[in-house]
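Notes for the one structure printed next.
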Amino acid sequence: MDARAVTRSPGSLAVATRQEESVTVLTVQGVLDDGNSATLRESIVKATAEEPSPVIVDVSGLTTPDESAWSTLTGARWQLGRADVPIVLVCTNRATREVISRSEVASLMPVYSTEKSAIKALTRLTRRSIRCADSKLPADLNSLRESRRLVREWLTAWSQSTLIPVALVVVNVFVENVLEHTGSVPMMRVEADGETAIIAVSDGSSTPAVRLQSPESGVDVSGLAIVDALVRAWGSTPTASGKTVWALIGPESQL
4 MDARAVTRSP
14 GSLAVATRQE
24 ESVTVLTVQG
34 VLDDGNSATL
44 RESIVKATAE
54 EPSPVIVDVS
64 GLTTPDESAW
74 STLTGARWQL
84 GRADVPIVLV
94 CTNRATREVI
104 SRSEVASLMP
114 VYSTEKSAIK
124 ALTRLTRRSI
134 RCADSKLPAD
144 LNSLRESRRL
154 VREWLTAWSQ
164 STLIPVALVV
174 VNVFVENVLE
184 HTGSVPMMRV
194 EADGETAIIA
204 VSDGSSTPAV
214 RLQSPESGVD
224 VSGLAIVDAL
234 VRAWGSTPTA
244 SGKTVWALIG
254 PESQL
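Counting in the numbering used here, the sequence shown runs from 4 upward without gaps.
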């Protein structure tokens, strides 16, 4: 065991880093909120950047005033930009673990009850064959057609053609939202792992993507309502430069 450093945020958050069996372990303690979430995100990114080994984030000593704060953890994953570096969570508190498991966070960062079980899982996760592709899209309507073309091209090349219909709907909604609501350049990322795929689009706005209701009828009229109905999980995650909106598609995701 190699103790490295303890990072403290202006708020009551401390992140200790050590190396254990070729795995970087971050032990986080304190209260996670909007004021210090960037500290945690940057600590995870720094740990993986310095030595691209699997990462365990022990959140057993971490509390949040709002369940949505857990999305900070997935923000580190998108900011890192490397799907080949698995990140998993450890939480010895059963109630908190269940909260995380119910959230979209667990779709990208599975949570385990002990460090031993997490290390065992990482052994399996590091053997995965993950295909990834990225593209910077134009900040105009041409990006809608281009994003669909690229998604179709990539998933076909990766033998994931059954996921294409839903993936095209998802990427169209995400890119359209960026163009309509942020004025940013859409940054698209697609990952494929076995039978699943992840569609992610990043932009420069920190405003989270949310489902909207019609003021007249109260009916959800947003494209995200369609995404929610089609995919296994989705989320809007803050990053250092804005946010990433992502969706996990599985074989059950059908039109």
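Glycine residues also receive a C-beta, built at the ideal position from the N, C-alpha and C atoms.
Of the choices 69, 159, 149 and 243, whose alpha-carbon is the least far from that of residue 178?
-> Reading the sequence shown from its first residue, position 175 is the one you call residue 178. Of the candidates 69, 159, 149 and 243, the one whose C-alpha sits nearest the C-alpha of residue 178 is 149.
Could you tell me which of 57, 52, 256 and 121 sits nearest to residue 168, measuring between CA atoms?
-> Taking the sequence shown and counting its residues from 1, the one referred to as residue 168 is at position 165. Measuring from the Cα of residue 168, the nearest candidate turns out to be 256.
Euclidean distance between Cα positions of residue 252 and residue 165 = Here residue 252 refers to the residue found at position 249 of the sequence shown. Here residue 165 refers to the residue found at position 162 of the sequence shown. Rounded to the nearest angstrom, the two C-alpha atoms are 10 Å apart.
According to DSSP, is residue 5 helix, strand or coil?
-> Taking the first residue of the sequence shown as 1, we reach residue 5 at position 2. With a pLDDT of 47 at residue 5, under the threshold of 50, the predicted position of this residue should be treated as unreliable, though the coordinate-derived value follows. It is a strand residue.
Nearest-angstrom Cα distance between residue 40 and residue 31?
-> Numbered from 1 along the sequence shown, position 37 holds the residue referred to as residue 40. Numbered from 1 along the sequence shown, position 28 holds the residue referred to as residue 31. Rounded to whole angstroms, residue 40 to residue 31 spans 11 Å at the Cα level.
Going by the beta-carbon positions, is the gap between residue 203 and residue 192 smaller than 7 Å?
-> Here residue 203 refers to the residue found at position 200 when the sequence shown is read from its first residue. Here residue 192 refers to the residue found at position 189 when the sequence shown is read from its first residue. Cβ atoms of residue 203 and residue 192: closer than 7 Å.
Nearest CA to the CA of residue 36: which residue from 75, 92, 176 and 146?
-> Residue numbering aside, residue 36 sits at position 33 when the sequence shown is read from its first letter. For residue 36, the nearest C-alpha among the options comes from 75.
Between which two residues does the alpha helix (DSSP H) carrying residue 1 extend?
-> Residue 1 cannot be examined here, being either before or after the span of the chain that is shown, 4 to 258.
Between which two residues does the alpha helix (DSSP H) containing residue 233 stretch?
-> Position 230 of the sequence shown, counting from 1, holds the residue named residue 233. It spans 226-233 - the alpha helix (DSSP H) in which residue 233 sits, taken as one unbroken run.
For the 8 Å Cβ check, are there 3 or more pairs between the stretch 53-66 and the stretch 88-108?
-> The way I'd put it, the stretch 53-66 does touch the stretch 88-108; three or more beta-carbon pairs between them come closer than 8 Å.
Nonlocal neighbours in the same chain, by C-beta distance under 6 Å from residue 110, ignoring five residues either side | In the sequence shown, the residue the question calls residue 110 occupies position 107. Answer for residue 110: 236 and 251, listed in chain order.
What number of angstroms, rounded off, separates the C-alpha of residue 142 from the C-alpha of residue 86?
-> For the purposes of this step, residue 142 is identified with residue 139 of the sequence shown, where counting begins at 1. For the purposes of this step, residue 86 is identified with residue 83 of the sequence shown, where counting begins at 1. C-alpha separation (whole angstroms): 26 Å.
Contact check, residue 125 vs residue 55 under 8 Å by CB: the rounded distance?
-> Within the sequence shown, numbered from 1, the residue matching residue 125 stands at position 122. Within the sequence shown, numbered from 1, the residue matching residue 55 stands at position 52. Contact doesn't hold; Cβ gap of about 13 Å is too wide.
Would you report the Cα separation of residue 107 and residue 246, rounded to the nearest angstrom?
-> By one-based count along the sequence shown, residue 107 stands at place 104. By one-based count along the sequence shown, residue 246 stands at place 243. Using only the alpha carbons, I get a separation of about 15 Å.
What first and last residue would you give for the beta strand (DSSP E) that runs through residue 238?
-> Counting from one through the sequence shown, the residue named residue 238 turns up at place 235. Counting along the chain, the beta strand (DSSP E) containing residue 238 begins and ends at 236-242.
What runs of the beta strand (DSSP E), each 3 residues or longer, lie entirely inside the stretch 11-52?
-> 16-23 and 26-34
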